[in-house]
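**Student:**
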Amino acid sequence: MKKKPLIIVISLLVVILVGLIGYNYVMFGGARDLSTEDANFTVSSKSISGEFAANIDASNKKYLEKAVAIKGTITAVTASELTLDNTIICTLNNPNTSFKKDQTVTVKGRIVGYDDLMGELKLDQCFCN
Amino acid sequence: MKKFAVLTMCLFVGSLTFSQKMMTRSGEIKFDASVPNMVEVAGINSTVSCILDETTGDFVALALVKAFKFKAPLMEEHFNENYMESSQFPKSTFKGKIANFDASKLSSSKTVYDLEGDLTIHGVTKKIKTKISLALNAGKVNAISNFTVKAQDYKIEIPSLVKEKFAENIKIAINFVLEGK
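Chains as they are written, first to last, in full-length UniProt numbering: chain A, 1 to 129; chain B, 1 to 181.
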C-alpha cells in the first residue's frame with residue numbers, strides 16, 4: 001500500500017513537466033531560424049529590387065516571408081543594419097560591426113516587404129555566411 | 001564675382017528653405033490590445049517609414065506588417081496569419097495632413113497639432129482624426145501621437161472564443177524622429 005503516494009507524486013511531476021514544456025513552447029517557441037533553412041532564392045540586389053519596382057503584387061506573392069540570399073554592395077552600414085545598393089535594407093539578426101562600406105556581400109534574410117514610400121525593400125533576420 | 005557670390009548665396013538659402021522634407025525609416029509604432037489581467041497582446045515595429053513635408057504639413061507613414069515584433073513568436077505568427085493576413089496585406093499606411101502646420105514655429109517645447117487623414121490597415125481605409133505633438137530637437141523633429149482603433153472597423157475578425165482576451169479599443173503609439181534629407 002506504500003506505492004500509492006509514489007504514483008501520485010510521479011504523475012504530478014509529469015503533469016507539471018508537460019505544463020512547463022507547453023508553457024515554454026507557447027511563450028517562446030515556434031521562432032524561425034533562417035540559418036537552418038536553405039535560401040529559396042539566390043539573386044542579385046539589382047534584379048530583386050527591379051522586380052519589386054516593376055510589379056509589387058507579383059513580387060510580394062513570390063518573395064514575402066521567403067528566405068532569400070542577395071548579393072550586393074554595401075552603401076550604408078550601422079551595427080544593426082546594412083543597406084545594399086541604396087535600395088535594400090537588411091536588419092541584422094545579431095549586431096555586427098565588421099561590415100564596411102563598398103564591400104560586396106551576400107546577405108541571407110527574410111523578405112519583410114516593399115516600402116513604396118521610400119522605394120526600398122526590407123529584410124530582417126539577416127546574416128552573412 | 002560679387003554678383004556670382006550673391007547669386008550662389010541666394011540659391012543656397014533658397015535650397016535650404018525649399019529642402020522641406022523631413023523623414024525617417026526607423027520610426028516606432030507600438031500597439032497594445034491587452035486586457036487587464038490577461039495575456040499581454042502587444043507588438044512593436046521599429047522600421048516605420050515616414051515623410052513630413054514642412055511646407056504643406058503633409059504627413060505620410062508606412063509600416064510593414066511583418067516587421068511587427070512580439071515577445072512570443074507564436075503570437076507573431078497568429079498576428080500575421082489569422083488577424084492581419086499580412087501576406088495578402090503586407091503594409092499599413094497613413095496619408096494625412098497636420099492642420100495649421102508652420103515649420104518656422106517648431107521649437108524644443110512640444111506643440112500639439114491636429115492630424116487628420118486616411119489610415120489603411122488590413123486593406124481597409126478609414127478616416128481618422130487625432131492629435132500629434134511635435135518638438136524640434138537638434139535639427140530633428142520628434143513626432144509623437146497616441147490614438148485607438150477598433151479591430152472591427154478594419155474587418156479584422158476576432159473569433160468569439162478569444163474575444164475576451166482582446167481589448168476592443170487597440171492602443172496605438174507612434175514615435176518618429178524625423179530628419180532632413
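Ideal Cβ placement from N, Cα and C applies to all residues, glycine included. Small disclaimer: the values here were computed from a predicted structure and weren't measured.
1. Smallest Cα separation from B/F101: which of B/K163, B/I121, B/F176, B/D53?
2. Under the DSSP definition of a beta bridge, which residues are partnered with A/K122?
3. Would A/T78 and A/C126 be called neighbours here (beta carbons separated by less than 8 angstroms)?
4. Consider the Cβ of B/T56: report whether some Cβ of chain A lies at a distance smaller than 8 angstroms.
5. Taking CB distances under 8 angstroms as the criterion, tell me whether B/T47 reaches chain A.
6. Please work out which residues of its chain come closer than 8 angstroms, Cβ to Cβ, to A/K46, disregarding the five sequence neighbours upstream and downstream, and give them in chain order.
7. Would you kindly work out how many angstroms separate the C-alpha atoms of A/I89 and B/M75, rounded to a whole number?
8. Would B/L62 pass as an interface residue toward chain A - the criterion being a Cβ-Cβ separation below 8 angstroms?
9. Considering Cα atoms alone, identify which of A/V15, A/N96, A/A58 is closest to A/N129.
10. Taking the straight line between their C-alpha atoms, what separation do you get for A/K122 and A/G113?
11. Can you list, in chain order, the residues of the region 43-63 of chain A whose Cβ is nearer than 7 angstroms to any Cβ on chain B?
12. Hey, is the region 22-30 of chain A in contact with the region 66-86 of chain B, meaning 3+ C-beta pairs nearer than 8 angstroms?
13. Compare the C-beta of A/K3 with all C-beta atoms of chain B and state if any pair is closer than 8 angstroms.
14. For A/K3, does the three-state DSSP call read helix, strand or coil?
15. Could you pull the start and end residues of the beta strand (DSSP E) that B/L178 belongs to?
16. Would you give the residue range spanned by the beta strand (DSSP E) that B/E116 belongs to?
**Tutor:** On the basis of the coordinates in this document:
1. Selected option, being the one with the closest Cα: B/D53.
2. DSSP output for A/K122 lists A/I89, A/G113 as bridge partner(s).
3. The answer is no: Cβ separation not under 8 angstroms.
4. Output row for B/T56: interface = no.
5. It does: the Cβ of B/T47 has a partner Cβ on chain A nearer than 8 angstroms.
6. Annotation for A/K46: G72, D85 place their beta carbon closer than 8 angstroms to its own, counting only its chain and skipping 5 residues before and after.
7. When only Cα atoms are considered, A/I89 and B/M75 end up about 25 angstroms apart.
8. Cβ-Cβ to chain A under 8 angstroms: yes for B/L62.
9. Closest option to A/N129, Cα to Cα, is A/N96.
10. Rounded to whole angstroms, A/K122 to A/G113 spans 6 angstroms at the Cα level.
11. Answer set for the region 43-63 of chain A: N60.
12. Yes, the region 22-30 of chain A is in contact with the region 66-86 of chain B.
13. False, the Cβ-Cβ gap to chain B never drops below 8 angstroms.
14. DSSP places A/K3 within a helical segment (H, G or I) once states are collapsed to three.
15. Taken as a continuous stretch (DSSP letters only), the beta strand (DSSP E) holding B/L178 covers 169-180.
16. For B/E116, the enclosing beta strand (DSSP E) stretches over residues 111-121.
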